[in-house]
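One structure below.
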Amino acid sequence: MTSNLVHIGCGAGFAGDRKDAGGPIVDTLATRNGPKYLIFETLAERTLALAQKQKRKDPAKGYSPFLEAYVRPVLERCLEHGIRIVSNFGAANPVGGAQKILEIASELGCRTPRVAVVSGDDLLTVMDEAEIRAHRTIEGLPIGDGIFAANTYIGARPIAEALAGGADIVVVGRTTDPALVLGPLIHEFGWAEDDWDALAAGTLAGHLLECGAQVTGAYFADPGFKDVPDLAHVGFPVASITSDGAIKVTKADKTGGAVSPASVKEQILYEMHDPSAYLTADVVLDITAVSVSAEAENVVAVSGAKGKPRPDTLKTTVSFDGGWLGEAEISYAGPNALARAELARDVIRERCMESGSNAEYRFDIIGLSSTFDGGGGAYPDRVTPAPDGDFRVRAAVSCHSREVAEDLADEVLSLYCSGPAGGGGFRRNITAQIHTASILVDRNRLTPSVSYCGAEV
Amino acid sequence: MTIVLDTVRLKLHDIAHGRSGDKGNRSNISVIPYCAEAYPLLLEQVTEAKVLELFAHKGASAVKRYELPNLPALNFVIDDALEGGVNSTLNLDLHGKTLSFMLLAIPVEVPLERVAEFTDGRRG
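Chains as they are written, first to last, in full-length UniProt numbering: chain A, 1 to 457; chain B, 1 to 124.
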């Protein structure tokens with residue numbers, strides 16, 4: 001029954017990704033022979049922390065708010081064509097997410113799927129706060145007060161187990177992103193726990209797919225330098241992988257975007273630190289011997305991943321309360337706009353300093369320099385602005401009390417009548433901050449488990 | 001004395017592309033030549049010291065350059081480049097996603113006779 005080629009498409013690369021990306025992937029996979037999978041990667045570090053907060057308010061919630069938007073349009077056709085769905089959209093509540101999928105199936109009137117739930121990533125269920133705090137953080141900074149989430153990046157084995165148990169859909173919470181791809185490959189090919197090179201190839205395939213269209217021309221386009229056709233309808237990626245770890249990356253049929261050696265190289269190195277040691281729960285991936293070549297239009301072959309034994313520890317993200325972020329902006333444009341913007345910035349800064357608050361402030365002039373600056377205003381020395389341009393003054397503060405954040409925004413607002421000439425377009429944004437720290441936990445402390453709901457085998 | 005104009009100053013962006021990612025207060029930025037033949041020039045001119053100097057105003061404390069001759073590409077890992085990282089930075093760009101283009105803005109000296117070759121392959 002085993003096929004030597006597995007097809008895996010990715011319908012979302014982050015929590016807020018396109019809701020209509022899955023359709024063309026399902027159309028494409030339906031034409032392929034062999035095992036087929038559709039994954040959605042929807043969990044950033046903060047996304048899961050927010051989901052934990054949501055679950056506390058309402059125990060039925062806490063799965064990805066986009067779960068329904070991703071699943072509803074494709075569920076019926078996935079079931080019809082034997083395309084199995086694997087996703088971490090379970091977030092803080094995989095059981096709730098699975099129930100929601102059964103509800104959607106029932107509303108659509110399609111056959112009842114067998115849904116697997118992978119649990120066991122929540123460190124707070126097996127370790128108390130004091131023990132968590134006793135770990136040194138990877139960042140070297142202390143864990144603050146008010147821990148409200150601690151989820152561990154578990155590996156691909158439980159996903160493979162769920163698929164062996166006949167799941168049409170596997171709902172996971174926190175797992176390594178590449179595990180969404182590696183899990184199906186372990187299931188299909190029976191890769192052993194110490195088949196490091198195979199696990200490395202599967203992890204690399206996962207790394208290529210996990211960010212969605214970042215490998216198919218999105219987050220890549222640079223007009224005149226890296227032109228990408230029809231970015232508005234960029235196709236999401238589909239990879240085919242063989243049992244010996246050869247990867248071919250392409251994109252959904254009849255879509256925009258482009259898959260090239262250049263786009264694939266950018267994604268290989270995305271969020272990669274030491275290329276000889278990309279740590280995951282299942283294997284340490286070494287990409288130093290990886291090579292990339294164009295096979296055909298929009299088809300790129302990737303080979304040469306090497307693996308080393310997996311670490312004894314698993315990474316855990318600890319989330320805790322982080323105070324408040326206050327931001328406010330106002331615009332100046334036209335003749336002498338830069339001088340008016342600088343005056344506005346100086347007025348707000350002076351008044352903030354006089355307020356007696358010891359919070360940390362930052363001021364930017366968007367259009368002159370903002371993201372490239374370090375907060376000290378040094379970057380503008382490197383740019384030559386147009387004095388009559390279109391500038392936006394931004395003030396930001398990080399603080400413990402909401403009041404200080406509101407005060408800053410009010411100072412910027414007051415520029416309407418009390419600041420330089422011609423200020424307009426005021427906006428404010430006050431956000432409760434979540435801080436995170438990473439710790440390494442003995443992998444034996446967590447015992448992931450799989451349960452099922454919906455159809456029996 | 002005669003001045004020989006045998007090189008031309010371009011932006012790194014003219015001969016290479018890249019992407020930045022974040023982990024904590026570390027940024028990583030890939031630098032990938034459009035033309036593989038330009039890789040030795042990148043090795044020579046896009047050094048750890050130069051990148052550290054470029055990010056000094058953000059508080060960068062160390063730069064490690066990883067070399068990937070197979071791709072070919074360079075991968076820079078810049079410690080303390082993100083003003084505290086996504087947790088505590090007041091930078092509008094929490095993740096430093098725009099920073100690859102700060103690196104791509106640095107000048108490189110390209111031999112005149114190789115400009116066409118090194119800039120070929122763009123758009124593709």
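Here a beta-carbon is modelled for each residue, glycine too, at the ideal position from N, C-alpha and C.
Residue nearest to A179(A) in terms of C-alpha spacing, selected from E210(A), T31(A) and E360(A): E210(A)
C-beta neighbour in chain B for K251(A), strict 7 Å: no
7 Å Cβ cutoff, E83(B) in contact with chain A: yes
Entirely enclosed beta strand (DSSP E) segments - the stretch 244-281 of chain A, minimum 3 residues: 247-251
C-alpha gap between M127(A) and T317(A), whole angstroms: 13 Å
M353(A) burial status per 10 Å Cβ neighbour count (16 or more: buried): exposed
Which of helix, strand or coil DSSP assigns to D407(A): helix
Cβ-Cβ separation, A341(A) to F391(A) (assumed contact under 8 Å), whole Å: 4 Å
At least three beta-carbon pairs within less than 8 Å, the stretch 315-329 of chain A to the stretch 297-306 of chain A: no
Residue burial classification, E188(A) (beta-carbon count within 10 angstroms, cutoff 16): buried
Coarse secondary structure for C211(A), derived from DSSP in three states: coil
Partner residues on chain B for P385(A), Cβ-Cβ distance less than 9 Å: For P385(A), no chain B residue has a C-beta closer than 9 Å to its own C-beta; the minimum C-beta separation is roughly 15 Å.
K306(A): first and last residue of the uninterrupted beta strand (DSSP E) it sits in: Taken as a continuous stretch (DSSP letters only), the beta strand (DSSP E) holding K306(A) covers K306 to K308.
For Y270(A), the nearest candidate out of T7(B), H17(B), K11(B) and D6(B) (CA to CA): It is H17(B).
Neighbourhood of Q267(A) by C-beta, 7 Å cutoff - its chain only, sequence neighbours within 5 removed: L208, C211, Q214 and V215
Contact residues within the stretch 344-357 of chain A, judged by C-beta distance below 8 Å to chain B: With the criterion set as a beta carbon lying under 8 Å from some beta carbon of chain B, the stretch 344-357 of chain A has no members that meet it.
Identity of the residue in A205(A), I430(A) and A198(A) nearest D407(A) by Cα: I430(A)
Chain-order list of residues whose beta-carbon lies under 7 Å from that of F320(A) (same chain, five-residue window excluded): Once the five neighbours on either side are set aside, the close Cβ partners of F320(A) are I143, G144, D145, G146, I147, F148 and H435.
Cutoff 8 Å; reference R111(A); Cβ partners in own chain excluding five residues on either side: In the same chain as R111(A), and ignoring 5 residues on each side of it, the C-beta atoms closer than 8 Å to its own belong to L79, A105 and A455, in chain order.
Which of helix, strand or coil DSSP assigns to residue 127(B): Outside the shown range of chain B, which is 1 to 124, sits residue 127(B), and nothing can be said about it.
Beta-bridge partners of K23(B), as assigned by DSSP: R26(B)
Residues near G24(B) by beta carbon distance below 7 Å, same chain, minus five either side: G85
Residue-chain proximity (L269(A), chain B), Cβ-Cβ < 7 Å: yes
Closest Cα partner of K11(B) within the set E117(B), L103(B) and L112(B): Just measuring C-alpha positions, the residue of E117(B), L103(B) and L112(B) sitting nearest K11(B) is L103(B).
Beta carbon of V300(A) nearer than 7 Å to that of V347(A): Taking 7 Å as the cut-off, the beta carbon of V300(A) is found no closer than this to the beta carbon of V347(A).
Expected contact under 8 Å - CB spacing of A205(A) and I241(A) to nearest Å: 5 Å
Neighbouring residues, chain A, relative to D93(B) (Cβ below 7 Å): T371
C-alpha distance - G256(A) paired with A221(A), whole-angstrom precision: 12 Å
Helix, strand or coil at W324(A) according to DSSP, with G and I counted as helix: strand
Residue nearest to K251(A) in terms of C-alpha spacing, selected from D17(A), D27(A), N4(A) and G16(A): D27(A)
Length of the line joining the Cα atoms of G121(B) and F225(A): 9 Å
Backbone CA spacing between R174(A) and A409(A) [nearest angstrom]: 36 Å
Sub-7 Å separation of residue 458(A) and K55(A) beta-carbons: Here chain A comprises residues numbered 1 to 457, so residue 458(A) is not present and cannot be evaluated.
Of the listed residues L90(B), L68(B) and F101(B), nearest to G376(A) (C-alpha basis): L90(B)
C-beta neighbour in chain B for P275(A), strict 7 Å: yes
Residue-chain proximity (H135(A), chain B), Cβ-Cβ < 7 Å: no
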